[in-house]
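Under the working numbering, the first residue of the sequence shown is numbered 1156, with each subsequent residue one higher. We put the beta carbon where it would ideally sit given N, CA and C, even for glycine. On a predicted model such as this, the values are computed, not experimentally measured, just so you know. Worksheet: the structure to be examined is printed underneath.
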Amino acid sequence: MTIVSRNPSLQAGPVGEPIAYMARTRDYYLTLGYGNPYQWAENAEIPFARLTKPLAKTRVALVTTAARFDPAHGDQGPTAPYNSAAKFYEVYSLDSTSSPDLRISHIAYDRTHTRPDDINAYFPLVALRRALGAGRIGEVTPRFHGFPTNRSQKTTVEVDAPALLARLAEDGAEAAIFVPNCPVCHQCVTLAARRVEAAGIPTVIMGAARDIVTQAGPPRFLFSDVPLGNAAGRPHDVASQDLTLALALDLLEKADHAGTIWTSPLRWAETDAWKRDFMDITRLSAEEIARSRDENDRQKAIAKEIREA
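The structure is reproduced here in C-alpha cells:
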C-alpha cells in the first residue's frame, strides 16, 4: 500500500475508477435470488451551513457506525465473519475522553483485502485528539456518537437522525465529522449529515463509497478510494490517518457550496486489483451462491429478532 499527499516523502499510487457499490450490491443480491432491487437514496437539493467561527475555536463532534464490543454477541474480532448479532438499532453516546472498544463485524466491510485490527483506521478519535492538541480545532464534544446502520431510509430520516441531532445539540456541537464503513452505512450517515446540516451544524463525511454518498446528496464529502472499513486512514499508519483527518478538516473549513466533494490522495495498493473482489458474484459457483443465500437469510433472521426484541 502506498499513499500520496502534500508531503513529498510519500509516494503516489495509481488513480483508478472507484467501485460502483450500488451496481455491485444489486447484481449480488439479484444473483442470490432476491427480487425488487434496493432503491438507494437520491437527493438533488443539499443543505449547507458555514462554520460560525474559526475552526481553531470550533467544538467538533465525531459520529461513527462502529458498534460497542459485547462478548455476549459472539465473534467480533478482526477475522470475524459478518455478525448481525452485533448490530445496534439506536443512537448511542460515549465519553470522548475514553478509550472505547468499537468493532465493525456487524457490517459488510471489505473482508478480503483488509482486517480491522486498528480502530484508528475506521474511528479517528485519537487523530481528532491530536488535531486538538495541535490547535487545529477548538474542542472535541464531551461525547462521540454511534449511528445505526438501517436499510429503512424512513427510519434513518425520521427517527435516527433527529435523535442524533438532539444529542449533538446537548453537547454544543458546532461541527460534526461522520465516518461510515459499509455501503448502507454510507447512505445512513449522508442522510443524517443532511439533517444535521439543515439544523445549522456544518458536517463532513469521511467515506469510501463515492457513488452512494454522492447520490444521497452530502453537504461535504471526503472520498478515500480504499477498501471499506478504512475511511479514516490506513491501518497502523499514523501519517495516513492524520492526513485523512486533516483533509476532512480542511474541507469542513474551506467548502463554499453544498455538495462539495474532495478526493483524498490516499492510495491502497499499486494496482486496483483489490477492487475486483468486493461482492463479486461472478466468481462464485452455484454451490457457493446457494450457501451465500442461506447464510444471508440466517443473518437477516438474527437481525430481525434483535430489532423486534
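By DSSP, does Tyr1264 sit in helix, in strand, or in coil? Counting from one through the sequence shown, the residue named residue 1264 turns up at place 109. Tyr1264: coil per DSSP, three-state reduction.
Bounding residues of the alpha helix (DSSP H) (the contiguous stretch that carries Tyr1183): Position 28 of the sequence shown, counting from 1, holds the residue named residue 1183. Element bounds for Tyr1183: 1176-1187.
Given 8 angstroms, three or more beta-carbon pairs between the region 1391-1410 and the region 1352-1364: yes
Three or more C-beta pairs below 8 angstroms linking the region 1383-1392 and the region 1344-1355: no
Name, in chain order, the residues that DSSP records as bridge partners for Asp1250. The residue given as residue 1250 occupies position 95 in the sequence shown. Note: Asp1250 sits in a beta bridge opposite Arg1298.
Assumed close pair Pro1338, Ala1316 - CB separation to whole angstroms, cut-off 8 angstroms: As a first step, residue 1338 must be located in the sequence shown, where it is residue number 183. As a first step, residue 1316 must be located in the sequence shown, where it is residue number 161. Not really, about 18 angstroms apart at Cβ, beyond 8 angstroms.
Can you tell me the Cα-Cα spacing of Pro1373 and Ala1348, whole angstroms? Within the sequence shown, residue 1373 is the residue found at index 218, counting from 1. Within the sequence shown, residue 1348 is the residue found at index 193, counting from 1. Cα to Cα, Pro1373 sits roughly 7 angstroms from Ala1348.
How big is the Cα-Cα spacing for Val1314 and Glu1200? To locate residue 1314, count along the sequence shown from 1; it is residue 159. To locate residue 1200, count along the sequence shown from 1; it is residue 45. Those two C-alpha atoms are separated by around 21 angstroms.
Only counting the same chain, and skipping five residues up and downstream in sequence, which positions put a Cβ closer than 6 angstroms to that of Val1351? Translated into positions along the sequence shown, residue 1351 becomes position 196. The residues are Leu1320, Ala1331, Thr1358.
Expressed to the nearest angstrom, what Euclidean distance is found between the alpha-carbon atoms of Ala1175 and Leu1210? Walking along the sequence shown from the start, residue 1175 turns up at place 20. Walking along the sequence shown from the start, residue 1210 turns up at place 55. Looking at the two C-alpha atoms, the distance is approximately 34 angstroms.
Quick check: the region 1387-1399 against the region 1267-1282, are at least 3 beta-carbon pairs closer than 8 angstroms? yes
So, are the CB atoms of Pro1173 and Asp1452 less than 8 angstroms apart? On the sequence shown, residue 1173 is found 18 positions in, with the first residue counted as 1. On the sequence shown, residue 1452 is found 297 positions in, with the first residue counted as 1. No, these two residues do not count as a Cβ contact at 8 angstroms.
Do you know how far the Cα of Asp1432 is from the Cα of Gly1171? Taking the first residue of the sequence shown as 1, we reach residue 1171 at position 16. Taking the first residue of the sequence shown as 1, we reach residue 1432 at position 277. Cα-Cα distance, rounded: 15 angstroms.
To the nearest angstrom, how far is it from the Cα of Gln1166 to the Cα of Trp1423? Reading the sequence shown from its first residue, position 11 is the one you call residue 1166. Reading the sequence shown from its first residue, position 268 is the one you call residue 1423. Summary for Gln1166: the model assigns pLDDT 29, below 50, so the residue's position carries little reliability; its value from the coordinates is reported in the next sentence. One C-alpha to the other measures close to 12 angstroms.
For Ala1222 and Ser1248, I'd like the C-alpha separation in whole angstroms. Within the sequence shown, numbered from 1, the residue matching residue 1222 stands at position 67. Within the sequence shown, numbered from 1, the residue matching residue 1248 stands at position 93. C-alpha separation (whole angstroms): 11 angstroms.
Other residues of its chain near Ala1240: CB distance less than 6 angstroms, five sequence neighbours each side excluded: Taking the sequence shown and counting its residues from 1, one reaches residue 1240 at position 85. His1228, Gly1229, Ile1457, listed in sequence order.
Top-ranked residue by Cα proximity to Gly1414, from Met1434, Asp1435, Gln1370, Ile1444: Residue numbering aside, residue 1414 sits at position 259 when the sequence shown is read from its first letter. Comparing Cα-Cα distances from Gly1414 to each of Met1434, Asp1435, Gln1370, Ile1444, the minimum goes to Gln1370.
Using only the alpha-carbon positions, how far apart do Thr1437 and Ser1253 sit? For the purposes of this step, residue 1437 is taken as residue 282 along the sequence shown, with counting starting at 1. For the purposes of this step, residue 1253 is taken as residue 98 along the sequence shown, with counting starting at 1. Cα to Cα, Thr1437 sits roughly 44 angstroms from Ser1253.
From Tyr1244, Asp1392, Arg1266, Ile1292, pick the residue whose C-alpha is nearest to that of Arg1462; which is it? The residue labelled residue 1462 in the question sits at position 307 within the sequence shown. It is Tyr1244 whose Cα lies nearest to the Cα of Arg1462.
With DSSP as the reference, identify every bridge partner of Gly1388, one or two as the case may be. The residue you call residue 1388 lines up with position 233 of the sequence shown. According to DSSP, Gly1388 bridges with nothing at all.
If we ignore side chains and look at the alpha-carbon of each, how far apart do Asp1427 and Val1381 end up? Mapped onto the sequence shown, residue 1427 falls at position 272. Mapped onto the sequence shown, residue 1381 falls at position 226. Roughly 10 angstroms between the two C-alpha positions.
Local Cβ density within 10 Å of Ser1260, reported as buried at 16 or more and exposed below that: On the sequence shown, position 105 is the one that residue 1260 refers to. Under this definition Ser1260 is a buried residue.
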